Amino acid sequence: MEKPNSVIVYGYVLSSMKAAYITPILKKADMDSADAKSYRPISNLSVISKLLEQLIAKQLVNYLKDNSLLPDFQSAYRPHHSTETAVLKVLADILLALDSGNLVILTLLDHSAAFDSVDHNTLIALDRLRKSYGLRDVCFDWFKSYLSGRTQ
Numbered sequence: 111m112e113k114p115n116s117v118i119v120y121g122y123v124l125s126s127m128k129a130a131y132i133t134p135i136l137k138k139a140d141m142d143s144a145d146a147k148s149y150r151p152i153s154n155l156s157v158i159s160k161l162l163e164q165l166i167a168k169q170l171v172n173y174l175k176d177n178s179l180l181p182d183f184q185s186a187y188r189p190h191h192s193t194e195t196a197v198l199k200v201l202a203d204i205l206l207a208l209d210s211g212n213l214v215i216l217t218l219l220d221h222s223a224a225f226d227s228v229d230h231n232t233l234i235a236l237d238r239l240r241k242s243y244g245l246r247d248v249c250f251d252w253f254k255s256y257l258s259g260r261t262q
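Here the sequence shown is numbered in our numbering, starting from 111 and rising by one per residue.
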């Protein structure tokens, strides 16, 4: 029998750990429950898969922080950074520009359905992991295995 950490040591993820269970959830309570477009699919992985994800995510974020690879103003996956800190940064930049006598224009976009139109091949940009972040060998193989061959 394989040791529990073999999925990390050998750079592969078992197919059973990539199988998601899909549950349709109404987007809003007042939507027509008979219309399939009123539902959003919620994808759930097994508890073991989620634990593995969290372990790898923690290691990846530590690697990115230790090697100064996270953008200064990225809020996700960072302690003491949030949507609130991002909004405060934008507000501070606006106020600084106004105080300097500059004209300020702020454009806000609603991305509520953004992932419905994203090219998912772009999201799985494995080359970026290798080229921009230096992930190689077993680590790169793990991500490639994790992102490919998923079922639901």
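Positions of the beta carbon are idealized from the N, C-alpha and C atoms, including for glycine. Keep in mind the model is a prediction, meaning the values are calculated, not measured.
Would you list the one or two residues that DSSP bridges to residue i?
i	result
Arg301	A query on residue 301 cannot be resolved here, the shown segment of the chain reaching from 111 to 262 and no further.
Ala129	Thr261
Does the separation of the CB atoms of residue i and residue j fall below 9 angstroms?
i	j	result
Lys128	Gly259	yes
Ser242	Gly121	no
Trp252	Ile118	yes
Ser185	Ala202	no
Ser126	Ser148	no
Arg188	Val171	yes
Phe250	Arg240	yes
Ile204	Leu219	no
Leu257	Leu236	yes
So residue i and residue j are in contact, right, with Cβ under 8 angstroms, and what is the actual spacing, rounded?
i	j	result
Pro151	Ile166	About 24 angstroms separates the two Cβ atoms, so there is no contact after all.
Ala130	Gln262	4 angstroms
Taking its Cβ as the centre, do 16 or more other Cβ atoms sit within 10 Å of residue i, making it buried, or is it exposed?
i	result
Val123	buried
Leu179	exposed
Leu206	exposed
Val248	exposed
Leu162	buried
Leu245	buried
Glu112	Unreliable placement is indicated for Glu112, whose pLDDT of 48 sits below 50; the coordinate value is still reported in the next sentence. Burial call: exposed.
Indicate, with yes or no, if the ligand FMN has a heavy atom lying under 8 angstroms from the CB of residue i.
i	result
Asp145	The ligand FMN is not part of the structure shown, which contains no ligands of any sort.
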